[in-house]
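Some notes on the structure that comes next.
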Amino acid sequence: MGQEYFHSVTLDKDKCKGCTNCIKHCPTEAIRVRNGKAEITRERCIDCGECIRVCPYHAKKAVSDPFEMIGSYRYKIALPAPSLYGQFNPSFGREKILRALLHIGFDDVFEVAAAAEVVSDAPRRYLESHEVRKPVISTACPAVVRLVQVRFPNLIENLIHIDTPMEVAAGMARRRAAERTGIPAGEIGCFFLSPCAAKVTSVKAPFGKEKSEVDAVFAMKDIHLLLLEQLKKMNGMPSEEKHLMAGPAGVLWACTGGESAFLEKGRHIAVHGIANIIAILEETVEERLEDVDFIEALSCLEGCLGGPLTVENPFVAKTNLQAVIESAEASDFDPDCLVADPSELEWTREMPYIPVLKLDDDRMKALEKLQRIDVIEADLPGLDCGACGAPSCRALAEDIVRGFAKETDCVFKLREKVSDLAQRFGDLT
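Now the structure itself:
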């Protein structure tokens with residue numbers, strides 16, 4: 006087994022019909038269908054949420070924190086991801102959305118978009134001051150980081166060691182609130198409003214640091230109705246207090262290309278959608294992108310706007326967000342004043358490789374099993390139909406060697422066996 010850590014994506018077996026849709030779309034082959042039900046292999050799962058999107062029976066779901074958790078803290082800070090603004094009609098406006106958060110139970114609000122502006126300059130400085138292997142790969146999307154860990158270990162050294170805007174926002178917000186209120190930092194709760202399951206996982210099992218700065222993660226879809234009802238009540242209500250902290254550049258992070266737009270020099274790629282990312286990373290492994298300096302990768306189509314925990318269609322959300330960006334004005338708040346040293350943005354520990362195909366602790370036995378996988382795969386039809394419950398013939402061969410499946414799980418091999426038995430029975434009679 007690989008390294009154990011919390012997973013947000015889970016399976017409701019009562020709803021699962023064993024239809025195999027999920028196994029065909031999982032980018033790390035983490036799902037099998039056995040005994041008529043799907044099973045998620047924990048060490049392979051990257052919490053990208055693809056299975057949530059494609060399951061017609063809604064058997065896959067993302068586990069996030071209950072909203073009632075805000076009652077565990079004396080002072081409660083909402084950390085809205087910039088993709089939240091795209092979930093509402095632009096007629097409400099970003100300012101009203103932020104104020105609505107205060108009306109549903111939060112004491113303060115800190116835009117993650119403001120932290121994104123702080124983080125945006127870090128990759129440029131990082132590329133200039135570090136001896137890094139190019140192309141450098143963004144770590145803003147936790148699903149992409151996990152993908153590199155489990156499927157592209159050769160690219161771990163290419164990952165940029167910069168914290169996500171979510172983590173930076175939580176640290177900045179807590180420090181700012183403690184200074185303003187005098188409340189101890191331990192009694193201040195920072196709550197991220199997430200568009201995706203991978204963010205939930207990255208809080209419960211952070212990479213690059215020992216403990217996350219975020220105390221809990223709420224799914225956008227879980228608080229959307231609360232906010233919408235509050236926004237309708239607030240219609241026409243004046244407010245002298247201003248909560249806008251970020252300019253349009255920070256809000257742009259919700260879309261693909263938002264991060265790489267800050268890089269003034271060099272060549273960079275902005276790619277979204279897990280299948281497209283895999284294609285780009287494969288080219289990187291094959292050293293076909295040596296002239297590229299930076300890869301911005303977001304696992305969901307249209308970036309965080311297409312996250313599985315959002316409500317609005319990503320293309321509609323993109324249009325909504327564009328209106329927010331166009332109307333955004335730079336505020337007097339300077340987020341740089343809350344970060345004393347650029348080194349505070351960097352990881353405090355290295356990223357480990359997570360082996361997902363450990364055949365045996367003994368090297369020689371592992372090699373023998375690998376050879377057996379090759380032999381079994383060569384004897385399978387090679388159609389990758391998924392009828393056996395595995396995503397490919399190669400995956401079935403691996404499962405057979407590991408003792409999780411048998412050759413007759415393949416319907417074609419089963420038919421051969423039945424035909425052979427029928428022939429033998431005929432000869433005997």
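Residue 6 is where the sequence shown starts when you use our numbering, and the numbers rise one by one after that. Heads up, the beta-carbon is just placed ideally off N, CA and C, and yes, glycines get one too.
V321 sits exposed, since fewer than 16 C-beta atoms from the chains shown fall within 10 Å of its C-beta. The beta carbons of A251 and A119 sit closer together than 7 Å.
Sequence-distant Cβ neighbours of V361 in its own chain, meaning closer than 6 Å and more than five residues away, are G7, E48, R49 and V155. For L230, the enclosing alpha helix (DSSP H) starts and ends at M225 to K238. Per DSSP, the unbroken alpha helix (DSSP H) holding A203 starts and ends at A202 to K209. Straight through space, the alpha carbons of A371 and L433 are spaced by roughly 42 Å. By the neighbour-count criterion, in which 16 or more other beta carbons inside 10 Å mark a residue as buried, S134 falls on the exposed side. In this structure, V316 lies away from D70, with their beta-carbon atoms at least 7 Å apart. Taking a cut-off of 8 Å for Cβ pairs, the stretch 106-124 and the stretch 252-265 touch, as three or more such pairs fall below it. Under the three-state reduction of DSSP output, F196 falls in the strand class. The beta carbon of I279 lies closer than 7 Å to those of P32, C53, E55 and S304 in the same chain, with the five residues before and after it left out. If you draw a 10 Å sphere on the C-beta of E218, you find 16 or more other C-beta atoms in it, and that means buried. Straight through space, the alpha carbons of S424 and R151 are spaced by roughly 45 Å. Counted as a single uninterrupted DSSP element, the stretch harbouring V321 is not any beta strand (DSSP E) but the alpha helix (DSSP H) occupying residues P319 to S332. F299 has V141 and H273 as its beta-bridge partners, per DSSP. About 22 Å separates the beta carbon of L198 from that of I167, a gap too long to meet the 8 Å contact definition.
Here the stretch 84-98 lies against the stretch 162-176, with 3 or more beta-carbon pairs under 8 Å apart. Here the stretch 272-291 makes no contact with the stretch 183-195; the two share fewer than three CB pairs at distances below 8 Å.
Of the candidates R104, G312 and Y78, the residue whose Cα lies closest to the Cα of L233 is R104. Apart from the 5 residues on each side of it in sequence, A400 sits with its Cβ closer than 7 Å to the Cβ of E34 in its chain, given in chain order.
Here DSSP, grouped into helix, strand and coil, assigns A266 to helix.
With a threshold of 16 other beta carbon atoms within 10 Å, S207 meets it and is buried. In this structure, E292 and R129 do not form a Cβ contact; the two beta carbons are roughly 24 Å apart against a cut-off of 8 Å. At the C-beta level, C195 and A259 stay beyond 7 Å of one another. Secondary structure at R185: helix, using DSSP grouped into helix, strand and coil.
Per DSSP, the continuous beta strand (DSSP E) segment holding T15 begins and ends at V14 to L16.
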